[in-house]
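Structure first, then comments.
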Amino acid sequence: MAQYNHIELDSNSIEGQRGLSPPDTGNETPGDTNSDAEKSAPVVNWPANNAPDGGRDAWLCVLGTWCTSICAFGWLNSVGVFQQYYEAGPLRQYSSSTIAWIPSLQIFFMMAMGPIVGKVFDKYGPRYLLSGGLFLHVFGLMMASISHKYYQIMLSQGVCSAIGVAAIFQPGYNCINGWFNRKRGLAFGIVSTGSSLGGIIFPIMLNRLIRSVGYGWAMRTCAFMILLLLIIAVLTIRCRLPPHPHPITRSEMAQPFQEPEFRFLMAGMFFLTFGIYVPIDYLSVEAYAHGMDPSLAQYLVSILNAGSLFGRLFSGYLSDRIGKYNTFVTACATTGILILAFWIPGHGNAATIVFGALFGFTSGAYVSLIAALVVQISPLKEIGFRTGIVFFIGAAPGLVTNPIAGAIIDKTGSWAGLKVFAGVLCLVGTAFIFCTRIARTGWKLLAVF
25 MAQYNHIELD SNSIEGQRGL SPPDTGNETP GDTNSDAEKS APVVNWPANN APDGGRDAWL
85 CVLGTWCTSI CAFGWLNSVG VFQQYYEAGP LRQYSSSTIA WIPSLQIFFM MAMGPIVGKV
145 FDKYGPRYLL SGGLFLHVFG LMMASISHKY YQIMLSQGVC SAIGVAAIFQ PGYNCINGWF
205 NRKRGLAFGI VSTGSSLGGI IFPIMLNRLI RSVGYGWAMR TCAFMILLLL IIAVLTIRCR
265 LPPHPHPITR SEMAQPFQEP EFRFLMAGMF FLTFGIYVPI DYLSVEAYAH GMDPSLAQYL
325 VSILNAGSLF GRLFSGYLSD RIGKYNTFVT ACATTGILIL AFWIPGHGNA ATIVFGALFG
385 FTSGAYVSLI AALVVQISPL KEIGFRTGIV FFIGAAPGLV TNPIAGAIID KTGSWAGLKV
445 FAGVLCLVGT AFIFCTRIAR TGWKLLAVF
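Count the sequence shown with this note's numbering and you get residues 25 to 473, in order.
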């Protein structure tokens, strides 16, 4: 593998690793190579990523992507409210693990559609995806508002709305890559606060509206709010570079799987997704089961997301200074340790609230930096496709993690097994992400990467 003297690589750096010739930016030191094939490879002149790192259009793109973040991850961060409401209300005849398939399907479709969304984005840009996603997300929630049976809620909220979410959240993130380079971590951090803000607002809205006007109008009110935000997104998200339609070759499809660092990244995403959604879905359910007053338990998801808001801002800011991978590994390792060392022995309202806030803060990097991790080791022209692959890898664990967690509770009657399951898998996923870093930098632990 080539050894890199300049460790903080930009989004075009991997072309140098493949024998391609990235533009000379004046601040990169060429890496050595031991491969004759790389030395003799043809030179391909890719356009430089001369990102402006600011300007009206760049920050409008951040605004629009922030709106999609509220409507996508922000909405999914509210799944704990639905798990609790469905268990106590219209679906109380079903087990916890059966109900958990509804939010799990939302996570699954959001991630499984990644390669398709990425390829459409690479070919046509963001407009069609955003418009189609707007319709499906809002239509699905409107249909959920008049649904009362399990299969109806599953199809409207778990499938239709989720496919809409898949179409809206990725394009903006991909567009930001073209507008920002040195400030990319900050831009992603700002955008990801939208999901935290949505995770604060939606649970409070839903809990209050369900009690005052009923489930149907609660869902419709949220759908109207999402409609307004997505209209803003459609009007403001633009690509700096025009799309370059080209048929994807077998070699291009296979290339990411041949790179050790990308394989480690996919494995890390796989295991992290298994662990990190469990507290989001089950924290308020556990608190309610252990006797927390429902008027307090309903705010736990919002407290978690409030902590996540600050965590995402801080991780985005910090990643521009110490490196995306350094920040991500530190944050996710701390998340796994918190689950095992704090959530398992913690009892009582105070401990639960403190854990929720701390978990939200440390896990914020999971959302805010995933796309930045892909960019760090990928060529600019393949960012959409490669980001889609990484999210697709998280689809299977996203589908089954909450039902597995629910089955653990149903079978054992204890919450300890669920917490061990979540904490250990977070640490395993973090270890694989750390291997990605080592594959690129070696054991230079102080390197900025």
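Idealized CB from N, CA, C, for every residue including glycine.
Beta carbon proximity, residue i to chain D, threshold 9 Å
i: residue 207; result: This model lacks chain D altogether; it includes just one protein chain.
Counted within 10 angstroms of its Cβ, other Cβ atoms place residue i as buried (16 or more) or exposed
i: residue 254; result: buried
i: residue 170; result: exposed
i: residue 469; result: exposed
i: residue 309; result: buried
i: residue 467; result: exposed
i: residue 161; result: buried
i: residue 440; result: exposed
i: residue 139; result: buried
i: residue 207; result: buried
i: residue 326; result: buried
i: residue 369; result: exposed
i: residue 113; result: exposed
i: residue 137; result: buried
i: residue 411; result: buried
i: residue 317; result: exposed
i: residue 365; result: exposed
i: residue 425; result: buried
i: residue 74; result: exposed
i: residue 66; result: Interpretation of residue 66 is limited by its pLDDT of 34, a score under 50 that renders its predicted location unreliable; the figure taken from the coordinates is listed afterwards. Residue 66 is exposed by the Cβ-count criterion.
i: residue 278; result: exposed
i: residue 148; result: exposed
i: residue 165; result: buried
i: residue 252; result: exposed
i: residue 372; result: exposed
i: residue 175; result: exposed
i: residue 375; result: exposed
i: residue 248; result: exposed
i: residue 232; result: exposed
i: residue 237; result: exposed
Helix, strand or coil at residue i according to DSSP, with G and I counted as helix
i: residue 263; result: coil
i: residue 323; result: coil
i: residue 393; result: coil
i: residue 151; result: helix
i: residue 83; result: helix
i: residue 249; result: helix
i: residue 239; result: helix
i: residue 118; result: coil
i: residue 90; result: helix
i: residue 75; result: coil
i: residue 472; result: coil
i: residue 441; result: helix
i: residue 9; result: Absent from the structure is residue 9, since the part of the chain shown begins at 25 and ends at 473.
i: residue 463; result: helix
i: residue 454; result: helix
i: residue 101; result: coil
i: residue 113; result: coil
i: residue 137; result: coil
i: residue 314; result: coil
i: residue 340; result: helix
i: residue 429; result: helix
i: residue 492; result: This structure leaves residue 492 out entirely; the chain is present only between 25 and 473.
i: residue 303; result: helix
i: residue 355; result: helix
i: residue 347; result: coil
Any 3 or more C-beta pairs closer than 8 Å across the region 94 to 105 and the region 145 to 156: Not touching, per the Cβ criterion.
Meets three-Cβ-pair contact criterion under 8 Å: the region 272 to 285 and the region 431 to 441: Not touching, per the Cβ criterion.
Residue ranges of each alpha helix (DSSP H) within the region 168 to 209, 4 or longer: Correct list: 174 to 177 and 185 to 203.
Unbroken stretches of the alpha helix (DSSP H), 4 residues or longer, contained in the region 267 to 301: With a minimum length of 4 residues, the continuous alpha helix (DSSP H) runs that stay inside the region 267 to 301 are 274 to 282.
Segment contact, 8 Å Cβ cut-off, at least three pairs: the region 283 to 302 with the region 388 to 399: Contact between the region 283 to 302 and the region 388 to 399 is present: 3 or more CB-CB pairs across the two stretches fall below 8 Å.
Meets three-Cβ-pair contact criterion under 8 Å: the region 122 to 136 and the region 223 to 243: No, the region 122 to 136 does not touch the region 223 to 243.
The region 339 to 349 contacting the region 114 to 121, beta-carbon criterion three pairs below 8 Å: With a cut-off of 8 Å, the region 114 to 121 and the region 339 to 349 do not count as touching, because too few Cβ pairs lie within range.
Sequence ranges, alpha helix (DSSP H) only - wholly within the region 360 to 426, length at least 4: Counting whole runs of 4 or more residues, the region 360 to 426 contains the alpha helix (DSSP H) stretches 373 to 392, 394 to 400 and 407 to 417.
Cβ contact check for the region 299 to 307 and the region 167 to 182: 3 or more pairs under 8 Å: Because the criterion of three Cβ pairs below 8 Å is not met, the region 299 to 307 and the region 167 to 182 do not touch.
Cβ contact check for the region 194 to 206 and the region 80 to 95: 3 or more pairs under 8 Å: By the C-beta criterion, the region 194 to 206 is judged to be in contact with the region 80 to 95, since at least 3 inter-stretch pairs fall below 8 Å.
Three CB pairs or more closer than 8 Å across the region 330 to 342 and the region 373 to 387: They touch, by the three-pair rule.
Touching by the beta-carbon criterion (3+ pairs, under 8 Å), the region 441 to 459 and the region 349 to 364: Short answer: they touch.
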